[in-house]
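A.B. asks: Sequential numbering from 54 applies to the sequence shown in our numbering.
Idealized CB from N, CA, C, for every residue including glycine.
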Amino acid sequence: RDSEIKWAKDFLHDLGMSSFSPVAFNTGSGDRWKTKRWPMESFLELGLMLREDAGGRILLVGGPIEDEANSLLATERPDLFVYPGVLELRRFIALLSRTRLIVTADTMALHIGLGLQVPTVALFGSTSAPEIEAAGPLEKVVSPVDCICCYLKECDKQPFCMDVLTPEMVAKRIEEANWLTQPSMKD
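1) If you check the beta carbons only, do GLY81 and GLU141 fall under 7 Å apart?
2) Let me confirm a value: VAL156 is counted as buried when at least 16 other C-beta atoms fall within 10 Å, else exposed. Which label applies?
3) Locate the alpha helix (DSSP H) running through LEU101, then write down its first and last residues.
4) Using three-state DSSP, classify ALA175 as helix, strand or coil.
5) Please report the residue range of the alpha helix (DSSP H) in which THR128 lies.
6) So, helix, strand or coil for ALA158, using DSSP?
7) Rounded to the nearest angstrom, what separates ASP209 and ARG90 at their Cα positions?
8) Any idea which residues DSSP pairs ALA77 with across the strands?
9) Helix, strand or coil: how does DSSP classify GLU192 here?
10) Please state whether the Cβ-Cβ distance between ARG153 and SER74 is less than 7 Å.
11) DSSP three-state call for VAL135: helix, strand or coil?
12) Would the beta-carbon of CYS214 fall within 7 Å of that of GLY178?
13) Does DSSP classify ARG226 as helix, strand or coil?
14) Can the beta-carbon of ASN123 be found closer than 7 Å to that of GLY116?
15) If contacts are defined as beta-carbon pairs under 8 Å, then ILE227 and VAL174 qualify, I think. What distance do you get, rounded to the angstrom?
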């Protein structure tokens, strides 16, 4: 809707992010799929790696389960991250529509990004990367563990599949896709 798009534009403008499209990190997977979560430390490391090419601060998005961790990270590193709080679905979609890259696990944000044609990097461990069709620009980063695609909702195996996915692996895929070479702004 127009009102949500206007909200997203105004939100980014108020943060001084109106001249480019930011990068978004969707940090969670809700409470049901704990095995899809990438560690917050990995998001921090990736943010530090991408800072220059990202053109400024990175948006942290997620649901109620991620609220505390996103708030803490944005408070500890306001130079690097912006957190708009938990958004209702239409605002969440509108904000993602204004980004130039989404980094997410196999979550709703992945499917929204693809539907919006926003370049999306999807992180896979416990779920199946081949099941996701690239309806938009997509890079899949798959954990190199032998138990990949187990569909377990909880796991205590070490090393944990999502811990094995390193920020370096993700940054390399973003670089190979050439998605951050030019700042962009969506009209």
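C.D. replies: Based on what the coordinates show:
1) In the sequence shown, the residue the question calls residue 81 occupies position 28. In the sequence shown, the residue the question calls residue 141 occupies position 88. In terms of Cβ geometry, GLY81 and GLU141 do not form a close pair [threshold 7 Å].
2) Counting from one through the sequence shown, the residue named residue 156 turns up at place 103. Its Cβ being crowded by 16 or more others within 10 Å, VAL156 is buried.
3) Along the sequence shown, read from residue 1 onward, the residue named residue 101 stands at position 48. 93–107 is the extent of the alpha helix (DSSP H) around LEU101.
4) On the sequence shown, residue 175 is found 122 positions in, with the first residue counted as 1. The answer is strand: DSSP assigns ALA175 an E or B state.
5) What you label residue 128 is simply residue 75 of the sequence shown in a count that begins at 1. That run of the alpha helix (DSSP H) goes 120–129.
6) If you number the sequence shown from 1, residue 158 lands on position 105. Three-state DSSP puts ALA158 in a strand.
7) Reading the sequence shown from its first residue, position 156 is the one you call residue 209. Reading the sequence shown from its first residue, position 37 is the one you call residue 90. Answer to the nearest angstrom: the Cα atoms are 13 Å apart.
8) Against the sequence shown, residue 77 aligns to sequence position 24. DSSP output for ALA77 lists LEU112 and ILE155 as bridge partner(s).
9) Working through the sequence shown from its first residue, we reach residue 192 at position 139. When DSSP states are grouped into helix, strand and coil, GLU192 belongs to the strand group.
10) If you number the sequence shown from 1, residue 153 lands on position 100. If you number the sequence shown from 1, residue 74 lands on position 21. Their beta carbons are under 7 Å apart, which means ARG153 touches SER74 by this criterion.
11) Position 82 of the sequence shown, counted from the first residue, corresponds to residue 135. DSSP places VAL135 within a strand segment (E or B) once states are collapsed to three.
12) Counting from one through the sequence shown, the residue named residue 214 turns up at place 161. Counting from one through the sequence shown, the residue named residue 178 turns up at place 125. Yes, these two residues count as a Cβ contact at 7 Å.
13) Your numbering for residue 226 matches position 173 in the sequence shown. In the displayed model, ARG226 falls within a helix according to three-state DSSP.
14) For the purposes of this step, residue 123 is taken as residue 70 along the sequence shown, with counting starting at 1. For the purposes of this step, residue 116 is taken as residue 63 along the sequence shown, with counting starting at 1. Not closer than 7 Å, so no.
15) If you number the sequence shown from 1, residue 227 lands on position 174. If you number the sequence shown from 1, residue 174 lands on position 121. About 6 Å separates the CB atoms of ILE227 and VAL174; that is less than 8 Å, so the two are in contact.
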